[in-house]
Every structure is written in structure tokens, then in C-alpha cells.
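There are 4 protein chains.
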Amino acid sequence: MFILKPNSGIPIYRQIVEQVRRMVASGQLAPGTPLPSVRELALQHTVHHMTISKAYSQLEAEGLLERNRGKPMTVAAVRREQTGLQTRVRQIEPQAEALVLAAKQLQLSAADLSRLIKKKWEEDSNE
Amino acid sequence: MFILKPNSGIPIYRQIVEQVRRMVASGQLAPGTPLPSVRELALQHTVHHMTISKAYSQLEAEGLLERNRGKPMTVAAVRREQTGLQTRVRQIEPQAEALVLAAKQLQLSAADLSRLIKKKWEEDSNE
Amino acid sequence: MFILKPNSGIPIYRQIVEQVRRMVASGQLAPGTPLPSVRELALQHTVHHMTISKAYSQLEAEGLLERNRGKPMTVAAVRREQTGLQTRVRQIEPQAEALVLAAKQLQLSAADLSRLIKKKWEEDSNE
Amino acid sequence: MFILKPNSGIPIYRQIVEQVRRMVASGQLAPGTPLPSVRELALQHTVHHMTISKAYSQLEAEGLLERNRGKPMTVAAVRREQTGLQTRVRQIEPQAEALVLAAKQLQLSAADLSRLIKKKWEEDSNE
DNA sequence: GTGGTCTAGACCACA
DNA sequence: GTGGTCTAGACCACA
Chain V
1 MFILKPNSGI PIYRQIVEQV RRMVASGQLA PGTPLPSVRE LALQHTVHHM
51 TISKAYSQLE AEGLLERNRG KPMTVAAVRR EQTGLQTRVR QIEPQAEALV
101 LAAKQLQLSA ADLSRLIKKK WEEDSNE
Chain E
1 MFILKPNSGI PIYRQIVEQV RRMVASGQLA PGTPLPSVRE LALQHTVHHM
51 TISKAYSQLE AEGLLERNRG KPMTVAAVRR EQTGLQTRVR QIEPQAEALV
101 LAAKQLQLSA ADLSRLIKKK WEEDSNE
Chain G
1 MFILKPNSGI PIYRQIVEQV RRMVASGQLA PGTPLPSVRE LALQHTVHHM
51 TISKAYSQLE AEGLLERNRG KPMTVAAVRR EQTGLQTRVR QIEPQAEALV
101 LAAKQLQLSA ADLSRLIKKK WEEDSNE
Chain Z
1 MFILKPNSGI PIYRQIVEQV RRMVASGQLA PGTPLPSVRE LALQHTVHHM
51 TISKAYSQLE AEGLLERNRG KPMTVAAVRR EQTGLQTRVR QIEPQAEALV
101 LAAKQLQLSA ADLSRLIKKK WEEDSNE
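Residue numbers (this note's numbering), protein chains in the order written: chain V, 1 to 127; chain E, 1 to 127; chain G, 1 to 127; chain Z, 1 to 127.
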């Protein structure tokens, strides 16, 4: 369900938070969908269950997930604009900016950068 | 000299390390160039001198900088390949991969992503 | 756990680095062994925790220790040759050379020097 | 005249101080002998003259050298016991102790250590 | 509980 | 002038 890279430097709980946000924004997780339980995920990814729990709590605080006594958490109802193209683009703006800045500092050309992006897009980077 | 974002989540000393790496790789800092002194930079960026010192030490350990007792640190001699296009591109590959992954998870198209990159490139994002 | 001499002229953090290196090389610290926590050691030796942290970070950069988020650091897997007699001897070669040079400059004889070494070996010099 | 290793980690001025001490203690520098001037040494070893100057001042403070207005510094008169075997041995005791400690921490045997010492003695390590 | 980062500020070593 | 080391102590991130 999630793609976790433990040694990427990005805290695991944050990786989960971001992926849920993206899946909700893109409609891959529709409102009402139940999420895997904390225990289940913790086992699957061999991660401490506090880590999952923290991610879920943060998502609940953001209003993206809903807690249901005794039952699995579910995806909350989302307002329309939360799935629009603009909203989704906005989620990766800071990352895109940082990448562009780094590329400029390395004195790469715009063409170099878009060639790199294209290459990465074509490689299936899902692991 | 450096662009520091204190609230970006990335430690300040690491931001400096990365920027120096890029400036050396792109030849903006040629071998032998003296770096601004630890105290000078600290004042300029209103940061503690140990923070700068930590960055410089790490760069020395990597072999990018050289310590000169009593004098400012200087850029070490770099091997030719270290400034080649390939090496420079390699420095941002992980960032590019992460961005592509995020875009895919948001179900953006390749065209959406390259439009975003182009836009950020044109905005002067140097601050 | 460590023998620290604060007034020896050798920075405390470096004394720790060297001792850990030796304990790993000699197998006294086997791969996987957890190290005492930064705070614990700091208390024990009445030293600031950053001092310990600096030593541990350097050892991590060298690949001798491994960071485990939220848990104590552990000794990394070492390659076989790293514990061989030759490797261990190599670690004190520079010190031995310097001592021999000093003895010669003092016009001591080889016998004088080895008598001194023997004496120091027999005294329990572990403090 | 002096054997200086700029990258040994030991400050240059200290290397000079120690070598003069040894040469005086072993009688290689007899009382009254004039020393090379600060400038001369600085040129020879391409070292800042403050460095030499600092070493000489420290040796003067210790009473080993004497300043003579307008003329080169000279070796001071030494008391008899200052050149005895015991005194000379005492000068390398701390170094010997540190070496023995390191060897023990590396779990070398007394035999391993004396073999190493012997080897280094035979190699002419005077460079 | 674990480690990491940062500041304020002292004091040292070197040129 | 240069950089290095250390403490006291705050606050954060992770499990």
C-alpha cells in the first residue's frame, strides 16, 4: 500500500502522511474507504506501530481521515476543490522549487533538467 | 553567498554543505578559492559559528575543502570527473526521483509536471 | 567504558573516536552491540552530550557505527580484514614511529626504549 | 636541523620545542651553542616566522635558551641532572604510556608491540 | 526512552 | 586575524 524508504532521510511517519495526502487528493482513496489498521501496517512494513499511529493522528488532525470507534479509520469526505488539478499541483510546488534551485546552483540548463525529469518519469521509479 | 532557509526542515549546516558541493561541482568555486571565514558567515546569516564550522568540517572530511592553519579554508583540488555534466546531474537524481514519484502518486501527467518545472524555472526562485 | 584524559591536549571527542576504533578492531565491540547512549556517557564522564555526539557522528561517517532512529547506536558489520593483526598494528604505527624518533633524538639506545616499554606494560597503565 | 611534519596534527611550534629539548638533554646542543635565527629557520622550512618565534620564546621561558641582544639565541647552561639518562627517559614517558595503552586496547601482545618497536627502530625513520 | 540541532558565550591554538 | 573545542541548556524528531 505504501512505498517506504527507511534510509531516505525522510522520517517514515512523514512518508506515510504525504502518500495518504496524495492518494486522497488524486481520488485513489475515495471518501469512506477504510484504511489498514495500525497493527497490520506495522507488521507489513516492520515499523514501530507508534510510527503509523503518529501518521494517522496527523492525518486525522488535518481532517483527511476519520476515527471510528472500534472500526478502522476511514477517508473523510473531501471538498471538491481538494481534488482539483491546482490543489494537487500545489502539493509538490515546494519540492519542485527546491529541485529547480539545486539545478541552477549546479549550473544545469533547463534542458538538462527536463531531460532528467523525463528519464525518471519513464523509468518506473516505484520502488 | 548562501541561501539559507531556517524553517525548511533541512538543518542549516546541511544546506550549506549541499550548496558548497554544488558550487564546487559547477566550478563556481574553483580550487584554491578561499571561503568566507566561519565568523563572517555566521554574522552574515545570523547563525551561530559552530553551525558554519560543522558544515565546513564535514566538507573537509569529504575532501572538498582544505584546512589551512590560521588562514581561511580553501577549495581543494577536484578531480576532473567531479565537475562533469554527469556528476552534476547525479547530485540531484534522488530529488528528481522523489518529485516524479510524488507527481505520479498525485496522478499528474508528465505534461503537468514539466509545465510546473518550467514555471518554477522562469520565476526567479533564488530566495 | 572509556578512559578520558581531559588535559592531555587531545580533544575528548577524538579520544572517544580512537578508543571505539580500537575496540571494534580488536573485537571487544562485536557487530550489532549497542553503544551506551549519548546522555548516559555524558553523565558518566561529566562531559557535555554534544561532545559524545560529535564522536559518534564521526564514527558513523566512517562506517563503524550505525544509527538506529529512536534506539541506541550499534556497531556496524565489519569486514574481516578490519580485525586482523596487521590492521590493528597499523593503527598504532604512527605513534610507534614518533616514539622511536623521539627516543633516537634523546640518544637513547634500543635497549633503553624497550626497557621503558616493558616497564609501562607491566604497570597497569589503565587509568 | 629540525624534522618538521606539517600534517602530523602536532603544531609545528610544538615539534620544534620538543626537538630542541631533546637535543639539549642529549648533549647534541651544548651550552653556548648559537641557534639559527628565526628568519633563517622560517625560510628553510617555509613556515611563518611567528611559529618559530613562539617556539623559541617558550624554550626561553623554560630556561633552555638564552636571548642575547643583537646576537643569535644560545643554549643556556644546563644543570648536570638535566642530561642524565633518567631525565631523558622521563621526556618520553607519557608517549610510551599512551602507546602501551593503545596497544592493549587493540589487544596486541607485549611481543607484538616490541616487534613493532624493533621494526621501526631499524627502519631509519628520520624523515 | 533514543539521538540531533542550535544558540550564547568562553577559551584555546595557530599565523 | 583564522578555525576548534567545550559547556549549559533549549527544543525537536523519532520509537
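Each residue gets a CB set at the ideal place from its N, CA and C atoms; glycine is no exception.
Within 8 Å, strictly: CB atoms of residue i and residue j
i: Q58 of chain Z; j: A102 of chain G; result: no
i: V75 of chain Z; j: L41 of chain Z; result: no
i: T78 of chain V; j: Y56 of chain V; result: First, the residue type needs correcting, since residue 78 of chain V is Val and not Thr in the sequence shown. No.
i: R67 of chain V; j: Q105 of chain E; result: no
As assigned by DSSP and simplified to three states, the class of residue i
i: R67 of chain G; result: strand
i: P72 of chain V; result: strand
i: P94 of chain Z; result: helix
i: E127 of chain Z; result: Low confidence applies here, because E127 of chain Z scores a pLDDT of 46, under 50, leaving its location unreliable; read the following figure in that light. In this structure, E127 of chain Z counts as coil in the three-state DSSP scheme.
i: I10 of chain V; result: coil
Between the CA atoms of residue j and residue i - distance to the nearest angstrom
i: V89 of chain Z; j: Q82 of chain E; result: 50 Å
i: G9 of chain V; j: D112 of chain Z; result: 44 Å
i: F2 of chain E; j: V24 of chain E; result: 13 Å
i: H48 of chain V; j: R80 of chain E; result: 45 Å
i: V100 of chain V; j: I92 of chain V; result: 12 Å
i: R69 of chain E; j: T87 of chain V; result: 53 Å
i: W121 of chain V; j: K54 of chain G; result: 40 Å
i: L116 of chain V; j: M73 of chain E; result: 34 Å
i: T46 of chain Z; j: I52 of chain Z; result: 11 Å
i: G84 of chain G; j: Q19 of chain Z; result: 35 Å
i: A110 of chain G; j: K119 of chain Z; result: 11 Å
i: A98 of chain E; j: L4 of chain V; result: 12 Å
i: P6 of chain E; j: L43 of chain E; result: 15 Å
i: G63 of chain V; j: Q107 of chain E; result: 21 Å
i: L65 of chain E; j: S114 of chain G; result: 41 Å
i: A61 of chain Z; j: E123 of chain Z; result: 35 Å
i: M50 of chain V; j: S26 of chain E; result: 43 Å
i: P11 of chain V; j: K71 of chain E; result: 39 Å
Give, in chain order, every residue of the segment 80 to 102 of chain V whose Cβ lies closer than 8 Å to some Cβ of chain E. L85, R88, V89, Q91, I92, E93, Q95, A96, E97, A98, L99, V100, L101, A102
Under 8 Å, CB to CB, which of the residues in the segment 15 to 29 of chain V have a partner in chain E? E18, Q19, R22, M23, A25, S26, G27, Q28
Stretch-stretch touch, CB-based, cutoff 8 Å, three pairs: the segment 23 to 42 of chain G with the segment 7 to 21 of chain E: no
Along the segment 101 to 116 of chain Z, what residues have a CB closer than 7 Å to any CB found in chain G? L101, A102, A103, Q105, L106, Q107, L108, A110, D112, L113, S114, L116
By the 9 Å beta-carbon criterion, what residues does the segment 52 to 73 of chain V contribute toward chain E? none
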